[in-house]
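Residue numbers (the working numbering): 3 to 316.
Written out as structure tokens, the structure reads:
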């Protein structure tokens, strides 16, 4: 196991410890949550959203939360998301949202997630927005893909999903997305491709960075060759250069690819890519249920943890 993977696994394991969760939840904003989370609600996030749009970058918004355990909590979360959709539209921000299916009760029941997912899909569609179903950890993969397919077959062609390159099964899942796109014949179907941020067992996921990157390349090329619109979601500059060179060589326009990066990560690179004419979209999370998202950001690279440590003593 290489060091980045070891570091990530140790950090994700540590984040589950009750005393760590309690400490970071209490002191998180002082320790740098605001670097990765734009605010506790959409109005608080608006200054950051305006700044991003002014720089020529687009937005995809995330009302933070995951793994709700009751129908009541799922309905309340869906209502918060729909409220944020209306707030974004009223503020002149195109409501493109990314939602975790477990926020919508996928862990409670697939029919509940379908009902609430349909409501959210309709809410963003009313304002010419878009909805992306995030991909979570392995137990939810099949149900997430089934939810995605049901919503698409209902005519919600503004709904997309995400695949993770570190999972052994992803080539088959990609073929499933490609087959649905061919069945629909609606033009380039969007797909976000990420490396993967959850801790998974070697039986289901690559553990070495080189393997994950090789898988990412193969999946990206296959998606582009199949006619999908590929949302390249990575901060790996070398990998980005390689994929953007392929895009240039294939003479693909902005309708066929997009670079997606996280709020607060590699801002300079984001701005350089946008200035060079590449479509860049920033994934901007907000909300008070930020702990799971924040802990995964700390686990991605030691520099993020160093930022927190400086906050403790600054």
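A virtual CB, placed ideally from N, CA and C, is assigned to each residue, including glycine.
Bear in mind that the values here come from a model prediction, so they are computed numbers and not experimental data.
At least three beta-carbon pairs within less than 8 Å, the segment 247-264 to the segment 222-234
yes
What's the call for residue 204, buried or exposed, on a 16-neighbour Cβ count within 10 Å?
Position 202 of the chain shown, counting from 1, holds the residue named residue 204. When all chains shown are included, residue 204 counts as exposed.
Which of the three DSSP states, helix, strand or coil, is assigned to residue 285?
Working through the chain shown from its first residue, we reach residue 285 at position 283. Residue 285 falls in the strand class under three-state DSSP.
Please specify which runs of the beta strand (DSSP E), each continuous and at least 3 residues long, are wholly inside the segment 120-145, giving them in chain order.
132-135
In the DSSP assignment, what residue or residues form a beta bridge with residue 1?
Missing from the structure shown is residue 1; the chain here goes from 3 to 316 and no further.
Less than 9 Å between the C-beta atoms of residue 58 and residue 105, yes or no?
The residue you call residue 58 lines up with position 56 of the chain shown. The residue you call residue 105 lines up with position 103 of the chain shown. Against a cut-off of 9 Å, the Cβ pair of residue 105 and residue 58 comes out as no contact.
Cα-Cα separation between residue 157 and residue 124, rounded to whole angstroms:
Reading the chain shown from its first residue, position 155 is the one you call residue 157. Reading the chain shown from its first residue, position 122 is the one you call residue 124. Rounded to the nearest angstrom, the two C-alpha atoms are 10 Å apart.
Residue 314 burial status per 10 Å Cβ neighbour count (16 or more: buried):
Along the chain shown, read from residue 1 onward, the residue named residue 314 stands at position 312. For residue 314, the pLDDT reaches just 43, beneath the cut-off of 50, and the residue's location in the model is therefore unreliable, leaving the point undetermined.
Contact under 9 Å by Cβ, residue 164 with residue 136
As a first step, residue 164 is located in the chain shown; it is residue number 162 there, counting from the start. As a first step, residue 136 is located in the chain shown; it is residue number 134 there, counting from the start. Closer than 9 Å, so yes.
Quick check on this structure: which residue in 71, 84 and 56 has the alpha carbon closest to the alpha carbon of residue 43?
Mapped onto the chain shown, residue 43 falls at position 41. For the residues 71, 84 and 56, the minimum Cα distance to residue 43 belongs to 84.
Who are the Cβ neighbours of residue 40 in its own chain at under 8 Å, not counting the five residues just before and after it?
In the chain shown, residue 40 corresponds to position 38, counting from 1. Cβ neighbours of residue 40 beyond the five flanking positions: 46, 47, 50, 51, 265, 286, 287 and 288.
Give the range of the beta strand (DSSP E) segment to which residue 90 is assigned.
On the chain shown, position 88 is the one that residue 90 refers to. Counting along the chain, residue 90 falls outside any beta strand (DSSP E), though it belongs to the alpha helix (DSSP H) covering 73-92.
Determine the closest residue to residue 267 out of 86, 244, 112 and 239, with distance taken between C-alpha atoms.
For the purposes of this step, residue 267 is taken as the residue at position 265 of the chain shown. Selected option, being the one with the closest Cα: 239.
With three or more beta-carbon pairs closer than 8 Å as the criterion, would you say the segment 116-123 touches the segment 182-201?
no
Which one or two residues does DSSP pair with residue 259 in a beta bridge?
As a working mapping, residue 259 is identified with position 257 in the chain shown. Answer is 232, bridged to residue 259.
I need the DSSP call for residue 297, collapsed to helix, strand or coil.
For the purposes of this step, residue 297 is taken as residue 295 along the chain shown, with counting starting at 1. Residue 297: helix per DSSP, three-state reduction.
With H, G and I counted as helix, E and B as strand and the rest as coil, what does DSSP make of residue 112?
Sequence index remark: in the chain shown, residue 112 carries index 110 (1-based). Of the three classes helix, strand and coil, the one that applies to residue 112 here is helix, per DSSP.
According to DSSP, is residue 65 helix, strand or coil?
Numbered from its first residue, the chain shown carries residue 65 at position 63. Strand.
Measure the beta-carbon distance from residue 60 to residue 282 and round it to whole angstroms, keeping in mind my assumption that it falls under 8 Å.
Walking along the chain shown from the start, residue 60 turns up at place 58. Walking along the chain shown from the start, residue 282 turns up at place 280. Yes, residue 60 and residue 282 are in contact; Cβ-Cβ is about 7 Å, under 8 Å.
Proximity of residue 101 and residue 134 at Cβ, strictly below 9 Å:
Within the chain shown, residue 101 is the residue found at index 99, counting from 1. Within the chain shown, residue 134 is the residue found at index 132, counting from 1. Yes, the pair counts as a contact, with Cβ atoms nearer than the cut-off.
According to DSSP, simplified to helix, strand and coil, what is residue 47?
Residue numbering aside, residue 47 sits at position 45 when the chain shown is read from its first letter. Residue 47: helix per DSSP, three-state reduction.
Would DSSP call residue 226 helix, strand or coil?
Numbered from its first residue, the chain shown carries residue 226 at position 224. Three-state result, residue 226: helix.
Can you tell me whether residue 262 is buried or exposed, with buried defined as 16 or more other CB within 10 angstroms of its CB?
Start at 1 with the first residue of the chain shown, and residue 262 comes out as number 260. Answer is buried; the Cβ neighbour count reaches 16.
Report the option in 80, 98 and 299 whose CA atom is closest to the CA atom of residue 284.
Here residue 284 corresponds to residue number 282 of the chain shown, with the count starting at 1. Measuring from the Cα of residue 284, the nearest candidate turns out to be 98.
Between 301, 300 and 295, which lies nearest to residue 138 when the distance is taken from Cα to Cα?
For the purposes of this step, residue 138 is taken as the residue at position 136 of the chain shown. If we check each option's Cα against that of residue 138, 295 comes out closest.
Near residue 311, which residues of its chain fall below 7 Å by C-beta distance, leaving aside the five closest residues on each side in sequence?
In the chain shown, the residue the question calls residue 311 occupies position 309. Here the model assigns residue 311 a pLDDT of 45, short of 50, so the residue's position is not dependable and the matter cannot be decided.
Looking at C-alpha atoms only, which residue of 222, 276 and 93 is the closest neighbour of residue 173?
By one-based count along the chain shown, residue 173 stands at place 171. Nearest option by C-alpha distance: 222.
Range covered by the alpha helix (DSSP H) that runs through residue 249
Within the chain shown, residue 249 is the residue found at index 247, counting from 1. 239-251 is the span of the alpha helix (DSSP H), which, as asked, contains residue 249.
From the DSSP output, in three-state form, read off residue 275 for me.
Along the chain shown, one-based indexing puts residue 275 at 273. Residue 275: helix per DSSP, three-state reduction.
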